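Student: Residue numbers (this note's numbering): 15 to 738.
We treat Cβ as the ideally placed atom computed from N, Cα and C, and that holds for glycine.
Note that this is a predicted model, so its numbers are computed, not measured.
Below is the structure I would like to discuss, written out as C-alpha cells.
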C-alpha cells in the first residue's frame, strides 16, 4: 500500500508536468491595460466623482459578459478610473443600470454574499503570480467587501483591513469611490505592473460582467484572467510600519450545570502588526480573546467521523492559505482550530509573506497555557513555497506540537510528548486554469511511530465550460497521526473519479443542464473494500438563478468497528458487518434575487439496515438593506429494526440579522438540536466606531430543551481599537 501510494504520487506529478509543458496560455494582458498616474490632488471619498483629477485619469469600459453567457459585451456597462497618491490607491466607478426597479441587496453587513447583491469588485494580483492577491468591493447599498486571494483566486472574506469607500445611488446608475492605502496590501516593490480585473454583478438583468474576459466556468475572482494596471513609475519598497490593536474585555460566565456561581473576569491583551516590507509582515499576539467570534452553525451528525468547522479567528487569517491549505479537504496536517479552543493561548507570533518574486514563507509559533488536565503546549508551523512554471508551486512544511511540563501535575499526562508532521507538496495550476491539482507526501513523527505513519495523495481536475472531470486518490497509513491537523480517518486507500457535462441550450429560460457522475471507493490496508458511494445526478439552472438537482445514490459500508447510525447512544451495529442501500434525493434552490428565497432538499432511501427520510430547508427573507431573516431546518427520520435505536433528529436555527448602518450590527441566532439535547442562544451586537475598531456585546447560553434548564451562559463586553 505504501508503494502504491508513492507510485500514484509520482505518476500524477509527471502528468502535471506534461500538462504544463503543453498547456495553452491564459489571457493576453497586453490587450487589457489601464494606466495609472500619480496625483497630488485631494480626493474626498464621498461617492461623487467631482474632483478634476477624475477627468484626466485613464478609464476602462466595455465590460464583457461572463454569465449567463460569456460572449459579447454587457448590457449593464461599467466605467472604472484609477489614480494614486503617495500613500493610497483610488478608484472611481460608475455602474450604469438600464433596468428599472429596486437594486437587490441583502443588507449593510460587511463581506456580503456575492450572489445576493448588486455589486462591484476589484481583484488585484499585486505579486504578478496569478495565484495570490487582494479583493475589494462594495454592494449597491454601500456595504464593503474585502478579502485575501489565494490558490488562483479563492477569496478569504474573514480577512479585514482599513480602507474607505462611498456609494451614491441614482435612477440610472450607482457610483462608488475607493481609497485603499498601500499599507493595507502586500506587494513586491519595484514592479511596473500589477494584474487587475474588475467585476460587476447586476442581478436585475441576471448578468455578471468583467473588464478582462472571463470564461463562465470559472469564478470572476480567478487571477489567471486579469488585465494589467501599468504604473507611471514603479512603487518603492515601504519602510517599517507598526500597528497596535489592544483590547479589553469583561466576561461574566456561569456553569450552572456544575453548580458554579457567576464568575467575572477582566481581561486585556492585544495584537501587533509590523509591516517589515511591502510583501512581508510580522503579526504578534498576547493573551488573545476570541469571545466575539460568531458561533459555529450546528449540523446533525450522521457520520462516523468528526465534523469540520472553519477557522474564524482574526489572528490566523492573513496569508492563511500557506498554512490552512496544506493537504486536502479531509487530510489536513495543520488545522488552527486545534490551538486555543481547549486551553488558552498565551502568546504567539507569525511571519508571513513573499521573499522576492518566486518564494513565499510562513512561520508561526504559539504557546498555550494549562487548563484542567490539558498541559501547556507549544505549536510551531513552518512553510516554504516556491513558484514553478507559470502558476504552480512546490512547498515544504513542518508542523510541531511539543508538550511543555511546568509542574508535577503535568506528569500525569498520558499523551505523546511531541507530534510532528513534515511533508512536500506540488500544487498544479495551468496558465488557462483548465488543469488544476495537487500531489503530496506527509510523514508524521511521535514516540513509537513506524513506517506506516505517512500519507500520500494526488488529485487532478480538467475544466472547460462544458466538461469538468477529476480524479482524487489518497493513501493514509494506519499510524499516521497529526495532532494539530484534521484527519477524518486512518489506514485506508481511496479513489474517487467524477465527471460533469453541461449543455447550454438556445433557450430563453434555461442557462444550462447536464449530468454528474461520481463515485468514491475506500479500501483498508489489506485492499478490502470498506466504503463505496456511487452517484448519478442531473442538474438544471434557469436564467432566473433557480436550480434543481436530482440524485440517485448507491452506498456500501463494511463496518470495521461498532457504530450507532443515529449517534444517539443506542445499541451499535456490530463490527465486521456490511450494508448496502439506495437513496434518492432532490434539491431545489429558488431565485436568490428575490427578497424571499429558499432552498429545499428531500431525501428518501435506505440507511445501513434501516431507512431514512430527510427534509432540509433554508428560508431567507430580507427587508433590504436593514434586516434579514433566515431559518435553517434539518429533519431526519431514521427507522432501524429492533434492537437498534430509531430516531427523529431535528435541528432548527432561526437567525435575525439587523444592519442598522454599515457600522452597527445586531445578530440573533438560536439553534435547537435534539441530537445533542441542546438549545443554543447567541446574541451579538457590534459597533464599528472606527476602521477595524469595534465594540462587541455578546450573550451566549446553552440549555436543555425540556423546561429550558440552563446548562451554562456567558456575557461579554469587549472593545478593541486599531492604532496605526
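Report back the beta-carbon spacing between residue 138 and residue 210 to the nearest angstrom; my notes put them in contact at under 8 Å.
Tutor: Numbered from 1 along the chain shown, position 124 holds the residue referred to as residue 138. Numbered from 1 along the chain shown, position 196 holds the residue referred to as residue 210. Confirmed, about 5 Å.
Student: Does the ligand NAD have even one heavy atom less than 7 Å from the beta-carbon of residue 462?
Tutor: For the structure depicted, the ligand NAD is absent and the ligand set is empty, with no information on it obtainable.
Student: Whole angstroms is fine: what's the gap from residue 737's alpha carbon to residue 258's?
Tutor: In the chain shown, counting from the first residue as 1, residue 737 sits at position 723. In the chain shown, counting from the first residue as 1, residue 258 sits at position 244. Near 5 Å, if we compare the C-alpha coordinates of residue 258 and residue 737.
Student: Answer yes if the stretch 293–301 comes into contact with the stretch 353–367, meaning at least three C-beta pairs across the two stretches below 8 Å, and no otherwise.
Tutor: The stretch 353–367 vs the stretch 293–301: in contact.
Student: On the CB-based measure, 16 or more other CB atoms within 10 Å of its CB, does residue 373 come out buried or exposed?
Tutor: Along the chain shown, read from residue 1 onward, the residue named residue 373 stands at position 359. Label assigned to residue 373: exposed.
Student: Please work out which residues of its chain come closer than 6 Å, Cβ to Cβ, to residue 516, disregarding the five sequence neighbours upstream and downstream, and give them in chain order.
Tutor: Counting from one through the chain shown, the residue named residue 516 turns up at place 502. Contacts found: 480, 526, 528.
Student: Go ahead and pull the three-state DSSP assignment for residue 529.
Tutor: By 1-based counting over the chain shown, the position of residue 529 is 515. Residue 529 falls in the strand class under three-state DSSP.
Student: Figure out for me which residue from 261, 45, 187, 295 has the closest Cα to the Cα of residue 333.
Tutor: The residue given as residue 333 occupies position 319 in the chain shown. For residue 333, the nearest C-alpha among the options comes from 295.
Student: What does DSSP give as the partner residue(s) for residue 627 in the beta ladder?
Tutor: Position 613 of the chain shown, counting from 1, holds the residue named residue 627. Answer is 618, 651.
Student: Can you round the beta-carbon distance between residue 665 and residue 643 to whole angstroms, since I take them to be within the 8 Å contact cut?
Tutor: As a first step, residue 665 is located in the chain shown; it is residue number 651 there, counting from the start. As a first step, residue 643 is located in the chain shown; it is residue number 629 there, counting from the start. Not a contact, Cβ separation roughly 18 Å.
Student: Is the stretch 52–72 close to the stretch 109–117, with three or more CB pairs under 8 Å?
Tutor: At 8 Å Cβ cutoff, the stretches do not touch.
Student: Which two residues bound the contiguous alpha helix (DSSP H) that contains residue 335?
Tutor: Within the chain shown, residue 335 is the residue found at index 321, counting from 1. Per DSSP, residue 335 belongs to the alpha helix (DSSP H) from 335–338.
Student: Closest to residue 386 by C-alpha separation, out of 478, 543, 427, 502, would be which residue?
Tutor: For this step, residue 386 is matched to residue 372 along the chain shown. Closest by alpha carbon: 427.
Student: Could you give the DSSP three-state label for residue 214: helix, strand or coil?
Tutor: Counting from one through the chain shown, the residue named residue 214 turns up at place 200. Three-state DSSP puts residue 214 in a strand.
Student: Give me the Cα-Cα distance between residue 391 and residue 615, rounded to the nearest whole angstrom.
Tutor: In the chain shown, residue 391 corresponds to position 377, counting from 1. In the chain shown, residue 615 corresponds to position 601, counting from 1. Each residue's Cα considered, the two are about 44 Å apart.
Student: For residue 341, collect the residues of the same chain with a Cβ closer than 6 Å to its Cβ; drop the 5 residues on either side in sequence, then sort them by chain order.
Tutor: Numbered from its first residue, the chain shown carries residue 341 at position 327. Only 347 meet the Cβ criterion.
Student: Beta strand (DSSP E) containing residue 110: first to last residue?
Tutor: Mapped onto the chain shown, residue 110 falls at position 96. Residue 110 -> beta strand (DSSP E) spans 102–110.
Student: Relative to the C-alpha of residue 722, which candidate in 693, 706, 698 has its C-alpha closest?
Tutor: On the chain shown, position 708 is the one that residue 722 refers to. Measuring from the Cα of residue 722, the nearest candidate turns out to be 693.
Student: Does the stretch 260–280 come close enough to the stretch 168–188 to have 3 or more Cβ pairs within less than 8 Å?
Tutor: Too few Cβ pairs lie closer than 8 Å, so no.
Student: In whole angstroms, give me the CA-to-CA distance for residue 124 and residue 157.
Tutor: As a first step, residue 124 must be located in the chain shown, where it is residue number 110. As a first step, residue 157 must be located in the chain shown, where it is residue number 143. Straight-line Cα distance between these residues: approximately 6 Å.
Student: Can you list, in chain order, the residues of its chain whose CB lies under 6 Å from that of residue 344, leaving out five sequence neighbours each side?
Tutor: Position 330 of the chain shown holds residue 344. So the list reads 502, once near-sequence residues are dropped.
Student: Does the stretch 636–650 come close enough to the stretch 78–95 to have 3 or more Cβ pairs within less than 8 Å?
Tutor: Counting Cβ pairs under 8 Å, fewer than three are found: no touch.
Student: Helix, strand or coil for residue 330? Go by DSSP, reduced to three states.
Tutor: Indexing the chain shown from 1 puts residue 330 at position 316. Residue 330: helix per DSSP, three-state reduction.
Student: Taking residue 561 as the reference, give the member of 547, 589, 601 with the closest Cα.
Tutor: One-based indexing of the chain shown puts residue 561 at position 547. Ranking the options by Cα distance to residue 561, first place goes to 601.
Student: Helix, strand or coil: which one does DSSP assign to residue 350?
Tutor: Within the chain shown, the letter at position 336 stands for residue 350. Helix at residue 350.
Student: Is it the case that the Cβ atoms of residue 163 and residue 237 are separated by a distance below 8 Å?
Tutor: Within the chain shown, the letter at position 149 stands for residue 163. Within the chain shown, the letter at position 223 stands for residue 237. Yes, the Cβ-Cβ distance between residue 163 and residue 237 is below 8 Å.
Student: If you count every other CB in all the chains shown that lies within 10 Å of the CB of residue 38, and 16 or more means buried, which is it?
Tutor: Residue 38 sits at position 24 when you count from the first residue of the chain shown. Low per-residue confidence applies at residue 38: pLDDT is 44, beneath 50, and the placement is therefore not dependable, though the value from the model is reported in the following sentence. That one is exposed.
Student: With a threshold of 7 Å on Cβ separation, who are the neighbours of residue 415 within its own chain once the five nearest residues in sequence on each side are excluded?
Tutor: Walking along the chain shown from the start, residue 415 turns up at place 401. Here the set comprises 391, 393, 432, 433, 497, 498.
Student: Start and end of the beta strand (DSSP E) containing residue 199?
Tutor: Within the chain shown, numbered from 1, the residue matching residue 199 stands at position 185. Run containing residue 199: none; DSSP gives neither H nor E here.
Student: What does the alpha-carbon distance come out to for the pair residue 318 and residue 494?
Tutor: As a first step, residue 318 is located in the chain shown; it is residue number 304 there, counting from the start. As a first step, residue 494 is located in the chain shown; it is residue number 480 there, counting from the start. Each residue's alpha carbon lies about 19 Å from the other.
Student: Kindly list the residues whose CB is nearer than 6 Å to the CB of residue 685, restricted to its own chain and excluding five residues on each side of it in sequence; keep chain order.
Tutor: Here residue 685 is taken as the residue at index 671 of the chain shown, counted from 1. Closer than 6 Å at Cβ, skipping near neighbours: 312, 667, 694.
Student: With residue 263 and residue 305 assumed to form a contact (beta carbons below 8 Å), what rounded beta-carbon distance in angstroms separates them?
Tutor: Position 249 of the chain shown, counting from 1, holds the residue named residue 263. Position 291 of the chain shown, counting from 1, holds the residue named residue 305. Rounded, the Cβ-Cβ distance is 6 Å, consistent with contact.
Student: Determine the direct distance from the alpha carbon of residue 196 to that of residue 396, and round the result to whole angstroms.
Tutor: The residue given as residue 396 occupies position 382 in the chain shown. The residue given as residue 196 occupies position 182 in the chain shown. Straight-line Cα distance between these residues: approximately 27 Å.
Student: So is residue 520 buried or exposed if we call it buried at 16+ other beta carbons inside 10 Å?
Tutor: As a first step, residue 520 must be located in the chain shown, where it is residue number 506. Its Cβ having fewer than 16 others within 10 Å, residue 520 is exposed.
Student: So, at 6 Å on beta carbons, what are the nonlocal neighbours of residue 380 in its own chain, with the 5 sequence-adjacent residues on each side left out?
Tutor: As a working mapping, residue 380 is identified with position 366 in the chain shown. So the qualifying residues of the chain are 353, 359, 362, 393.
Student: How do the stretch 216–230 and the stretch 95–106 stand: do at least 3 beta-carbon pairs fall below 8 Å, yes or no?
Tutor: Verdict: no, contact absent.
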